Amino acid sequence: MNLGFVTNLTILANAGGHGAERSFFEEVAKRWEAGQWGMYPIAVCLVFALAIMVERSFVLFGKASINKEAFLRGLKKHIYAGDLDKAINYVSGQKQTPLTQVIKAGLMNVPKGEEEVQAALDEASLRETPRIEARTGYLAMLGNAAMLAGLLGTVSGLIACFEAVANVNPADKATILANGISEAMNCTGFGLLTAIPAVVAFSILSGRATSIVNDINETSVAVLNLIVNNRDKFKNATVSASAGHDEE
0 MNLGFVTNLT
10 ILANAGGHGA
20 ERSFFEEVAK
30 RWEAGQWGMY
40 PIAVCLVFAL
50 AIMVERSFVL
60 FGKASINKEA
70 FLRGLKKHIY
80 AGDLDKAINY
90 VSGQKQTPLT
100 QVIKAGLMNV
110 PKGEEEVQAA
120 LDEASLRETP
130 RIEARTGYLA
140 MLGNAAMLAG
150 LLGTVSGLIA
160 CFEAVANVNP
170 ADKATILANG
180 ISEAMNCTGF
190 GLLTAIPAVV
200 AFSILSGRAT
210 SIVNDINETS
220 VAVLNLIVNN
230 RDKFKNATVS
240 ASAGHDEE
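What the sequence shown shows, in numbering that gives the first Met the number 0, is residues 0 to 247, in sequence order.
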């Protein structure tokens with residue numbers, strides 16, 4: 000391969016680079032076209048990964064988030080006072096999160112005894128934990144799938160390059176080689192641009208889900224200990240019909 004052939008490849012690879020600068024969307028469209036069919040499976044991974052990232056971020060950092068220390072401080076006052084109805088209403092009046100749902104389930108069973116409280120807390124935790132961890136694991140799979148799809152597009156482009164060297168007329172060789180290299184590199188780049196955010200988001204969201212589950216377990220144990228330590232105050236406790244409804 001002589002210097003003139005390399006120069007031709009450079010010119011073809013940079014075709015369209017002169018003149019007015021392209022906008023971001025024009026650049027994306029150009030890269031998409033250069034990547035050919037290999038871009039489509041990566042794009043599918045990207046769409047699903049973005050949807051999961053947005054939905055899980057909204058749930059884990061918004062809907063399921065609560066200040067457990069402040070919540071526990073407020074609950075302690077009612078437990079120390081032995082007022083079960085106020086304790087339940089206090090929990091119901093808080094932001095509805097997996098943590099508050101678990102604690103409420105335990106408080107509703109205080110009149111039945113400590114073992115029933117423990118069982119209710121465990122049952123509610125088992126019910127809420129899968130909801131907290133739902134779909135997060137798919138991000139790791141989608142990240143890996145995007146990288147593999149990018150690799151597949153890269154291999155396809157390299158195959159086109161080798162076929163050009165072996166079977167194509169010398170006059171067309173430079174064009175086909177440039178197109179094959181462009182397909183390979185664009186697929187690789189798009190695959191990495193999809194996979195990296197997906198893998199990073201998986202780590203962040205998994206850590207957040209684990210933190211929420213740990214908060215539930217820690218708070219459940221703390222509330223159970225409070226109930227056990229103040230059992231004498233709840234000997235004749237009952238749950239009124241109005242308990243459990245949000246306070247106005």
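Quick reminder that beta carbons are idealized off the backbone N, C-alpha and C, glycines included.
Computed from a predicted model, the values in this text were never measured in an experiment.
Under the three-state reduction of DSSP, Ile65 is assigned to coil, being neither helix nor strand.
Membership of Gln100 in the alpha helix (DSSP H) is indicated by the continuous run 97 to 107. By the CB criterion at 8 Å, Ile215 and Val101 fall inside the cutoff.
Counted as a single uninterrupted DSSP element, the alpha helix (DSSP H) harbouring Gln117 occupies residues 113 to 132. Between Ile131 and Ala63, the beta carbon gap of about 6 Å places them in contact (Cβ cut-off 8 Å).
Of Pro97, Asp82, Ser56, the smallest CA-CA separation from Lys232 is found for Asp82.
Judged by DSSP secondary structure, Ala86 falls within the alpha helix (DSSP H) whose first and last residues are 83 to 92. The C-alpha of Gly73 is placed about 51 Å away from the C-alpha of Leu147.
For Pro40, the enclosing alpha helix (DSSP H) starts and ends at 38 to 57.
Taking Gln35 as the centre and dropping the five residues before and after it, the same chain places the C-beta of Glu182 closer than 7 Å to its C-beta, in chain order. Inclusion of Ile87 and Leu225 in the CB contact set at 8 Å is not warranted, their separation being larger than that value. Take the alpha-carbon of Gly190 and the one of Pro97: they are about 36 Å apart.
The beta-carbon distance between Phe201 and Gly142, rounded to whole angstroms, is 7 Å. This is short enough to meet the 8 Å contact definition.
If you ignore the 5 residues before and after Thr99, its C-beta comes within less than 6 Å of the C-beta of Val90, Gln93, all in its own chain and listed in chain order.
Taking every protein chain shown into account, the CB of Arg207 has 16 or more other CB atoms within 10 angstroms, so this residue is buried. The beta carbons of Ala119 and Ala104 sit closer together than 8 Å. Within its own chain, the residues whose Cβ lies closer than 7 Å to the Cβ of Leu151, once the five positions on either side in sequence are excluded, are Gly37, listed in chain order.
If the five residues before and after Leu204 are omitted, its C-beta is found closer than 8 Å to the C-beta atoms of Met52, Arg55, Ser56, Leu59, Thr135, Leu138, all from its own chain and listed in chain order. Exclusion of the five residues before and after Cys44 leaves Leu141, Ala144, Ala145, Ala148, Thr193 as the residues of its chain whose Cβ lies within less than 7 Å of its Cβ. Residue state for Ser22 is assigned as coil, using DSSP reduced to three classes. Separation of Val222 and Gly61 (C-alpha to C-alpha, rounded to the nearest whole angstrom) is 24 Å. Minimum Cα-Cα distance from Val220 among the listed residues Val116, Asn66, Ala69 corresponds to Val116.
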